[in-house]
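Undergrad:
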Amino acid sequence: MRLKGSNNIEGSDQSLREFADWLLKIGDGKIGEISDGIGRIKIPYDILIKDWINPVEAVVTSTFKNYIDDPDDEKNLQDRAVLAPTLQTVDEINEYMMKINQRQHVFYFSADMACKSETQTDVAAAVHTPEFLNGLKSSGLPDHKIKLKVGIPVMLLRNIDHSSGLCNRTRLTVTQLRKRVTEALVITDSNARQKMFIPRMNLSPSDHRIPFKFN
1 MRLKGSNNIE GSDQSLREFA DWLLKIGDGK IGEISDGIGR IKIPYDILIK DWINPVEAVV
61 TSTFKNYIDD PDDEKNLQDR AVLAPTLQTV DEINEYMMKI NQRQHVFYFS ADMACKSETQ
121 TDVAAAVHTP EFLNGLKSSG LPDHKIKLKV GIPVMLLRNI DHSSGLCNRT RLTVTQLRKR
181 VTEALVITDS NARQKMFIPR MNLSPSDHRI PFKFN
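Numbered according to the UniProt record's numbering, the sequence shown spans residues 1 to 215.
Put into C-alpha cells, the structure is as follows:
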C-alpha cells in the first residue's frame, strides 16, 4: 500500500508522513493494546468519520464520493481503497458497493475438491465433501459463490502474467462477464486502461489454519 498526498493542500506532506508513521506503528504493534484477545487502537480525532448511522455506508461514501455519483468512471476508484480487518467486513463493503451499481449481476461458482495425496484416506475424503469445502473462507481465495457486475472493481489474487502487469493485487474494473472468461480494464497507474482477459483457473489456499490442501 502506498500513500499519496495532494500538492494543493498546505501541510499535506507533513500530515501524510505522520499518518504513514502511525500506520507503521500499528503494523509493528507499537500502538494499541490487547484486552480479552481483542486489539484496541485509538484513532486520531482528525481522521475519524464523526457523523454516521450505517458504518459501511459512511466508510464507502467518505472513500469513494465520486464513485457514488458516477460508478461508470474507473478514475473514481484509482488511488483509493478500504483496508478491512476481517473477511466479514470485506463482504459487507463489497455488497454495499454492489448495490450502488444498478446493472444486472452474474453469479460464478467454484468447483472445490480436496487435493489428492498419498496420506488421504477414504474417511478423510468423505469428511471433506464438496458442501463442506464450499463453505470454507480463506484469505487469498474467493468464496464458492461470487456475484459480479460490469463496472465493479476487482483485485487479482494470483500472479497471471508479469509482462502484462497481471500480478497479485492488480486492481481492475469489470467490462464484460462471460461464461469462462472475464474482461476487465486495469486501473493501476502503470498499466491503466489496458484491457485484460481473466480466465477460470485452479487456486489452492495457503492458509495454515486449514490442515489440508484443496483447490
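Every residue gets a Cβ at the ideal spot worked out from N, C-alpha and C, and that includes glycine. Here the structure is a predicted model, which means the values were calculated and not measured.
Quick one: give me the first and last residue of the alpha helix (DSSP H) that Met-155 is part of.
TA: Counting along the chain, Met-155 falls outside any alpha helix (DSSP H), though it belongs to the beta strand (DSSP E) covering 153-155.
Undergrad: Could you say which of Asp-72, Asn-168, Asp-46, Ser-164 lies nearest to Ser-15 if we only look at CA atoms?
TA: Comparing Cα positions, the closest option is Asp-46.
Undergrad: Just tell me which of Gly-151, Leu-136, Lys-50, Thr-170 has its CA closest to the CA of Asp-73.
TA: Gly-151
Undergrad: Kindly indicate which residue of Leu-177, Ser-163, Glu-183 has the alpha-carbon position closest to the one of Pro-104.
TA: Per the sequence shown, residue 104 should be read as Gln rather than Pro. Of the candidates Leu-177, Ser-163, Glu-183, the one whose C-alpha sits nearest the C-alpha of Gln-104 is Leu-177.
Undergrad: If distances are taken between C-alpha atoms only, which option among Asp-79, Ser-190, Arg-171, Lys-65 comes closest to Leu-156?
TA: Arg-171
Undergrad: Going by C-alpha to C-alpha distance, which of Glu-33, Glu-183, Gly-39 sits closest to Val-154?
TA: Glu-183
Undergrad: Please report how far the alpha carbon of Pro-199 lies from the alpha carbon of Leu-23, in whole angstroms.
TA: 35 Å
Undergrad: Which same chain residues end up closer than 6 Å to residue 218 when comparing Cβ atoms and leaving out the 5 residues on each side of it in sequence?
TA: Nothing can be reported for residue 218, as the shown portion of the chain is limited to 1 through 215.
Undergrad: Measuring alpha carbon to alpha carbon, tell me which residue in Asn-191, Ile-34, Lys-137, Val-181 is nearest Ser-163.
TA: Asn-191
Undergrad: Taking all protein chains shown into account, do 16 or more other C-beta atoms lie within 10 angstroms of the C-beta of residue 219, making it buried, or fewer, making it exposed?
TA: The first residue shown for the chain is 1 and the last is 215, placing residue 219 beyond what the model contains.
Undergrad: Contact defined as beta carbons within less than 8 Å: I believe Thr-173 pairs with Leu-77. What is the distance between those atoms, to the nearest angstrom?
TA: 7 Å
Undergrad: Between which two residues does the alpha helix (DSSP H) holding Val-150 run?
TA: Taken as a continuous stretch (DSSP letters only), Val-150 belongs to no alpha helix (DSSP H), as it is neither H nor E.
Undergrad: Can you tell which of Asp-161, Ala-20, Thr-129, Phe-109 has its C-alpha closest to the C-alpha of Leu-141?
TA: Phe-109
Undergrad: For Thr-182, which beta-bridge partners are listed by DSSP?
TA: Leu-177, Ile-198
Undergrad: Output the distance between the C-alpha atoms of Arg-180 and Phe-64, rounded to the nearest integer angstrom.
TA: 30 Å
Undergrad: Classify Met-97 as buried or exposed, calling it buried when 16 or more other Cβ atoms lie within 10 Å of its own Cβ.
TA: buried
Undergrad: Take the Cβ of Met-196 as the centre, count every other Cβ of all protein chains shown within 10 Å, and call the residue buried at 16 or more, exposed below.
TA: buried
Undergrad: Checking 7 Å against the spacing of the C-beta atoms, do Ile-41 and Gly-32 come in under that value?
TA: yes
Undergrad: Cα separation between Gly-165 and Pro-55?
TA: 34 Å
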